[in-house]
Structures are given as structure tokens and as C-alpha cells.
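If you're matching positions, the sequence shown starts at 1 in the UniProt record's numbering and goes up one per residue. The structure under discussion appears below in the form of C-alpha cells.
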Amino acid sequence: MTFFMRTALITAGLSTRLVLATPRNVPPKISGDVQVLGHTYDSGFGQPNTSNPNDPGFYSDGGAGGLVNGYHMLTLSDARDSPTNITILGDYKADPHWFFEGNGAGQGVVRSNPSDACQNENFGPAPNTMMVPLEEGSTTGLNVWSIYCGTVQYNTLIEWDATDLAGRVANNENIPNTRTVDRLFNVRDPAVSIIFDTFADQHQASQPLYGTDGFAIDDKYIYLVARNDADFKIARVEKDKRTDISQYKYYYPTAAQWNETIPAPEDSSPDVNFFIGTDPGNGVQFGSDLFFSPYFNTWLLSYSSAAYVGLYNLAYSSTGNVEGPYEDLSGFYAPQLDDACMQESPGHLPQQGYAPPVVYLMHSHPGYDASGKTLVVGWISCNAVTNFARITFQ
Numbered sequence: 001m002t003f004f005m006r007t008a009l010i011t012a013g014l015s016t017r018l019v020l021a022t023p024r025n026v027p028p029k030i031s032g033d034v035q036v037l038g039h040t041y042d043s044g045f046g047q048p049n050t051s052n053p054n055d056p057g058f059y060s061d062g063g064a065g066g067l068v069n070g071y072h073m074l075t076l077s078d079a080r081d082s083p084t085n086i087t088i089l090g091d092y093k094a095d096p097h098w099f100f101e102g103n104g105a106g107q108g109v110v111r112s113n114p115s116d117a118c119q120n121e122n123f124g125p126a127p128n129t130m131m132v133p134l135e136e137g138s139t140t141g142l143n144v145w146s147i148y149c150g151t152v153q154y155n156t157l158i159e160w161d162a163t164d165l166a167g168r169v170a171n172n173e174n175i176p177n178t179r180t181v182d183r184l185f186n187v188r189d190p191a192v193s194i195i196f197d198t199f200a201d202q203h204q205a206s207q208p209l210y211g212t213d214g215f216a217i218d219d220k221y222i223y224l225v226a227r228n229d230a231d232f233k234i235a236r237v238e239k240d241k242r243t244d245i246s247q248y249k250y251y252y253p254t255a256a257q258w259n260e261t262i263p264a265p266e267d268s269s270p271d272v273n274f275f276i277g278t279d280p281g282n283g284v285q286f287g288s289d290l291f292f293s294p295y296f297n298t299w300l301l302s303y304s305s306a307a308y309v310g311l312y313n314l315a316y317s318s319t320g321n322v323e324g325p326y327e328d329l330s331g332f333y334a335p336q337l338d339d340a341c342m343q344e345s346p347g348h349l350p351q352q353g354y355a356p357p358v359v360y361l362m363h364s365h366p367g368y369d370a371s372g373k374t375l376v377v378g379w380i381s382c383n384a385v386t387n388f389a390r391i392t393f394q
């Protein structure tokens, strides 16, 4: 087992399963004050509104991270212009930030093809899953995005070429990517293209959207998480069989078995959910990540709610293996609304469709600290900026 396998890859959502981990330093606790790092309020996010200097001209959605080939791959979508106007920041530490941006007319960094239910400007990929490297030292990043056609229809497996991002930005080139599985899991009949009227419609799924709510890799498997409110299901597939949906297995905790029978998405029983978190009582939740922490020597699962002021919740595997069981630490951290979103602030940022302004889509960014002693977390404030903070653990 190499040092790299136990440190660098683990921090990007990876884990080695050569030996069963023994958790340490658990349960996770915050040491001292959380360091608030600022937000993505800069010229890389569209043209500012000339009538309001505090308006960056960009409505942020998404916010998942991931470390691939040394690049911190923060992903955001512009919910103001079009869901297809996706911006990817290749290494958020760079100054200025490196980013790739679509034009808001069906030409985002992930594009439609003839098999999609919706195409061009109606094709809406949602970047809500951490990107992880395929192998040790790999320049290939993997993740799963949901595809919207009015509402979620299915999700897709994407592979990225994370090389020479600075050069690609300088040449105004897109980051190369391939949808290696166009339709991974279906919410709707893929032959039907319908715009549904209510938010609840999109959650009447035919399959759990495995991979949309958590994505991680170890030395052998890809792990894909699906959630229904506070209920979490998990699937896995051997990495070299990832393009064959028939090779995916689904975990049944009561039986402690992986098998080929896919559970119903609305099944909330512990028989099919490897973790059942704290439901805030306000319906659908957004933002979750699964990753291995070398500091705690176990798997962590973070999740958040859709509350107006959401919470960053954390759970950890008490056994050290990905299947759990998991201990829930709900309300682990309470992210604050960005000051620029406050109604009383001069020229406050606009709020898209909600009142009061929301704090939501909390994500974990473990790639910033290979030791796992600290953890960067991010969240969306009032749909306009992505905030960051650094947690130091005891």
C-alpha cells in the first residue's frame, strides 16, 4: 500500500479497501472557530449588473468540488441564464480563477446529443457531485450529473480530461469530456419528453438516481449514492465495468449484501437505505458528498437541507467501511448567509424565487488538506454566490 494511496487519493473521495479501517478521532468535533474564507464574487462569473454593482450577473447553483490531477474542480451552473450555462473552475486556488463557461444556449461544457429527451437550450445538466480521479495519478476525472428537461429525467456518467487547464483557458477551449453512459439511471421513461408542472413530480422516480447525491472511488469500486429526503441508498460497480449498467450492484443493509435488484426510490426502510439521516421536516434536501477521511480513518457522509438557512450535517462510518453503519451528527455546522444577500445591505444581491434568501447546497471539499485534519465546506447564498469556510477538527 503506497503512501499516496492512503493520503492524496483518499482526500479526493477515494479510499483503499485492502484492509478494514479502524476509525480514530471519532466522533468528529470542531476545534475552535470555523474560518470563513469568502465567496466566488468576482468577474469570472458573468458580467455585473450595471444598475446594481453588488450583482455579479450570475446565479450560482451546484458547488461540488473534487481534486483531479492537482486541480480543484469546483463546478457551478448559472441558474439565471440557462441550466446549460455551466462554469467549471479548474483549481479555485489559482488567481485569477481558471474557468470554462458555456454560452447559455445549449453550449455548456456538457452538451446534448441526439439520444437526449431535451436538446440544445432545453438540455440542463446539474453539477452536484464531487469529481474524483479514476486511478492513482490519473488525469481522468469522473462524476455523475443529473439531466433536467423541465425537471430531472435521468443522470449521466461523465469522464473529464483534466490536463493543461491553464492552457485551455488561455486558448478559450472547453475542458474535454465524454458522456460514457448517456443514461445511467432513469427518473422518467427516456422515450417521453414532458415538462412537468410541479416540483414534486420530479421525485416520482422509476429508479434511484445513484451517483447524483454522492460519488466516490476506492482501489476497485466506484460508489454511487442516491437520496430521497434523508434516506440514502448506495450502489457500486467495478471501475473497469462502469459503462455496463448490468454490472451495478445495490446494497441491502439488513441482509448485509450487494445484489442486482435495484430498490424502489421511495422505499424509506433500513432494509435498502445504508444511512437514514435527520429530516429537517421541510421536504427535499440538496447537497451531499461521500468521501474517506485519513484523519478519522473512516468514511464521512455530509448532507444538507433545503431550509431557508440550511445546516451542514455530517455522519461517519463506525466500522470504517463504506457500508457503515453510520453515526449521525446532524447540525454539525450552521453556514451563514452572505452579507451581500441581506435585504438591509446597500444594493443587496438579488434573490431568485425565494423569500427570505436561502442558504443551501452545502458541499464538502476534502481535496484541500491531504491530512484530513481540516475540511473546506461550501454553500450557496441567495442563489448568487458560493461561500467557503474551513473547519478544523479536534
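By construction, the Cβ of each residue, glycine as well, lies at the ideal position given by its N, Cα and C atoms.
- Under the Cβ criterion (8 Å, minimum of three pairs), the segment 328 to 335 does not count as touching the segment 366 to 375.
- Boundaries of the alpha helix (DSSP H) harbouring G167: 165 to 170, taken from the DSSP string.
- Rounded to whole angstroms, the Cβ separation of A226 and D213 is 6 Å, and the two are in contact under 8 Å.
- By DSSP's assignment, Y360 forms a beta bridge with I380.
- The shortest CA-to-CA distance from C382 to any of P27, L184, Y360 is the one to Y360.
- For the alpha helix (DSSP H) assignment, the uninterrupted runs of no fewer than 4 residues enclosed by the segment 121 to 180 are, from N- to C-terminal side, 165 to 170.
- The DSSP-derived three-state label of K241 is helix.
- Cβ atoms of Y251 and E323 come within 8 Å of each other, at about 6 Å.
- Judged by DSSP secondary structure, F215 falls within the beta strand (DSSP E) whose first and last residues are 215 to 218.
- Here L37 is exposed: its Cβ has fewer than 16 other Cβ atoms, across all protein chains shown, within 10 Å.
- Look at D339 here: in three-state DSSP terms it is helix.
- When DSSP states are grouped into helix, strand and coil, S246 belongs to the helix group.
- A straight line joining the alpha-carbon of S146 with that of L290 spans about 17 Å.
- Between the segment 105 to 125 and the segment 161 to 169 there are fewer than three inter-stretch CB-CB distances shorter than 8 Å, so the stretches are not counted as touching.
- DSSP places T392 in the uninterrupted beta strand (DSSP E) bounded by 385 to 392.
- When the Cα atoms are used, S293 and P114 turn out to be separated by approximately 41 Å.
- In the structure shown, G367 adopts helical secondary structure according to DSSP, grouped into three states.
- Around the beta carbon of N228, a 10 Å sphere encloses 16 or more other beta carbons of the protein chains shown; the residue is thus reported as buried.
- Beta-bridge analysis with DSSP links F275 to F232.
- Inter-segment contact for the segment 250 to 270 and the segment 214 to 222 is absent: fewer than three beta-carbon pairs are separated by less than 8 Å.
- Ranked by Cα distance from A255, the options P325, C341, V152 are led by P325.
- With contacts defined as CB atoms closer than 7 Å, V152 and V187 qualify as a contacting pair.
- A direct Cα-Cα distance of roughly 23 Å separates I245 from P176.
- Membership of L184 in any beta strand (DSSP E) is not indicated, and neither H nor E is assigned to it by DSSP.
- The Cβ atoms of V144 and L157 sit closer than 7 Å to each other.
- For D328, the three-state secondary structure derived from DSSP is strand.
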